[in-house]
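Per the working numbering, residue 529 is the first one in the sequence shown, and the count goes up by one each step.
A short write-up of the structure that comes next.
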Amino acid sequence: MRAMRAMRAGDDNDPGSAPRRANADEAALRVEMTGTARRLLELGLVSGTAGNLSCRLDGDHVLVTPSAVPYSELAAEDLVVVDDAGSVVRSRQGRRPTSELALHLAALDAAPEIGAVVHSHAVHATAFATAGQSLPCVLEEMAYYLGGDVPVAEYRLTGTRELAVVAAPHLRERAAVLLANHGLLTVGRDLGEALDMTRLVDRCARIVLAARRLGGERPLPEEAIRELTRGWSERRARGSAAVAP
Ligand SMILES: [Zn+2]
């Protein structure tokens, strides 16, 4: 766990990040989600009202960003609580859950360790998604943090249950999936980790694109991929035990 923290994506730019909580009360999570949304905006990973976030509140409830509210104007009270079937439990007047609610609920259900989901239109990752190309596992940190390559889910229209059906299964064995002709979906035990995965995927996408200008990326040895992804699977399994109350 400590080794993973030390190697966390984004630590190089964010050395003062606080330790992550497995659980927190709703008020704290609302503040955290609003801050994460602003961070996505500052990092240029979303623009306007594109992109959305979710995290588990407890076994039956999920906190999600609202539909059609720019992150620059987002307040903690704008966030919406839904139950695990997607029905609204608490919302400020006029606030509806993100139009990608089905996608978020399916992603949260993909593995028991997943506690938070970030959907963005990160430019470099979306370039791969638009080309219909997976992001190959050619960097050690991809194997270590993401569980391998970043696959592309088949195209389905935004906001549909069909999109959730094709995308979520990839998250059983990966921390990220590309949405064809659309964007990126990443998961983590909490919002901070899901955001870190978004930053990592987009940075790796940039590196691969740059490597292709230099003649193309070289493969990471199969043995190294096996070793590093085994560590990822073990950590994910341990995370499951750790977050259980
Ligand atoms: Zn989107």
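We treat Cβ as the ideally placed atom computed from N, Cα and C, and that holds for glycine.
All of these numbers come straight from a predicted model, not from anything done at the bench.
Worksheet entry | Residue burial classification, E762 (beta-carbon count within 10 angstroms, cutoff 16) | With fewer than 16 Cβ atoms within 10 Å of its Cβ, E762 is classed as exposed.
Practice prompt. Spatial neighbours of P625 within its chain, please: CB distance less than 7 Å, with the 5 preceding and 5 following residues excluded, ordered by chain position.
Written response: For P625, where only same-chain residues beyond five positions count, the Cβ hits under 7 Å are V592, P594, S595, V608, V610 and V616.
Fill in: Proximity of L728 and M670 at Cβ, strictly below 9 Å
With respect to M670, L728 sits close: the two C-beta atoms are nearer than 9 Å.
Worksheet item: Among L667, D724, P697 and H698, which residue has its Cα nearest to the Cα of R567?
Response: When L667, D724, P697 and H698 are compared, the shortest CA-CA separation from R567 is found for D724.
Worksheet item: If we ignore side chains and look at the alpha-carbon of each, how far apart do D718 and I642 end up?
Response: Straight-line spacing of the CA atoms in D718 and I642 works out to 8 Å.
Discussion item. Ignoring anything shorter than 3 residues, give me the beta strand (DSSP E) runs that lie fully in the stretch 671 to 729, in order along the chain.
Written reply: Contiguous beta strand (DSSP E) elements confined to the stretch 671 to 729 occur at 704 to 707 and 711 to 716, taking only those with 3 or more residues.
Worksheet item: Heavy atom of ligand 1 less than 8 Å from the Cβ of H649, yes or no?
Response: Yes; taking the cut-off as 8 Å, the Cβ of H649 has a heavy atom of ligand 1 nearer than that.
Worksheet item: So, helix, strand or coil for I753, using DSSP?
Response: In the structure shown, I753 sits in a helix (DSSP, three-state: H, G or I).
Worksheet entry | Nearest-angstrom Cα separation, counted from R684 out to V590 | The straight-line gap from Cα to Cα measures roughly 24 Å.
Worksheet item: Pairing CB atoms from the stretch 656 to 663 with CB atoms from the stretch 744 to 763, are three or more of them under 8 Å?
Response: As far as the Cβ criterion goes, the stretch 656 to 663 does not touch the stretch 744 to 763, which means the pair count is below three.
Practice prompt. May I ask you to check if the CB of T686 is nearer than 8 Å to at least one heavy atom of ligand 1?
Written response: Indeed, a heavy atom of ligand 1 lies less than 8 Å from the Cβ.
Discussion item. Tell me the residue span of the beta strand (DSSP E) that contains A644.
Written reply: Element bounds for A644: A644 to S648.
Worksheet item: Can you find a heavy atom of ligand 1 that lies under 8 Å from the Cβ of N580?
Response: Within the chosen limit of 8 Å, ligand 1 reaches the beta carbon of N580 through at least one heavy atom.
Worksheet item: Contact between the stretch 702 to 713 and the stretch 638 to 653: three or more CB pairs below 8 Å?
Response: Contact holds: three or more Cβ-Cβ distances are below 8 Å.
Discussion item. With H, G and I counted as helix, E and B as strand and the rest as coil, what does DSSP make of L584?
Written reply: Checking the sequence, you will find Arg at residue 584 rather than Leu. Strand at R584.
Worksheet item: Do you know offhand how far Q621's Cα is from A603's?
Response: Spanning the two alpha carbons is a distance of roughly 13 Å.
Practice prompt. In the DSSP assignment, find the beta strand (DSSP E) that holds D611 and state where it starts and stops.
Written response: Here the beta strand (DSSP E) through D611 covers V608 to D611.
Fill in: Distance cut-off 8 Å: G711 Cβ against heavy atoms of ligand 1
With a cutoff of 8 Å, G711 counts as near ligand 1, since its C-beta is closer than that to a heavy atom of the ligand.
Worksheet entry | From G572, R618 and D612, residue whose alpha carbon lies closest to that of R558 | Here the closest residue by C-alpha is R618.
Item to complete: Along the beta strand (DSSP E) that carries L591, what are the first and last residues, could you check?
Response: Looking at the DSSP string, the run of the beta strand (DSSP E) that includes L591 is H589 to V592.
Item to complete: Could you check what DSSP says for V736 in three-state terms: helix, strand or coil?
Response: Correct three-state label for V736: helix.
Worksheet item: How about E682: is its Cβ closer than 8 Å to a heavy atom in ligand 1?
Response: Incorrect: E682 has no Cβ contact closer than 8 Å to ligand 1.
Item to complete: Measuring alpha carbon to alpha carbon, tell me which of E601, H698, A708 and P679 ends up nearest A634.
Response: Nearest of E601, H698, A708 and P679 to A634, Cα basis: H698.
Discussion item. Assuming V736 and V705 are in contact, meaning their beta carbons sit under 8 Å apart, how far apart are those beta carbons, in whole angstroms?
Written reply: So it is not a contact: roughly 16 Å between Cβ atoms.
Worksheet item: Taking the Cβ atom as the reference point for each residue, do L581 and A722 lie within a distance shorter than 9 Å?
Response: Judged by their CB atoms, L581 and A722 are nearer to each other than the 9 Å cut-off.
Discussion item. Can you tell me whether E628 sits near ligand 1, meaning its C-beta is under 8 Å from at least one heavy atom of the ligand?
Written reply: Ligand 1 approaches E628 closely enough that one of its heavy atoms is under 8 Å from the residue's Cβ.
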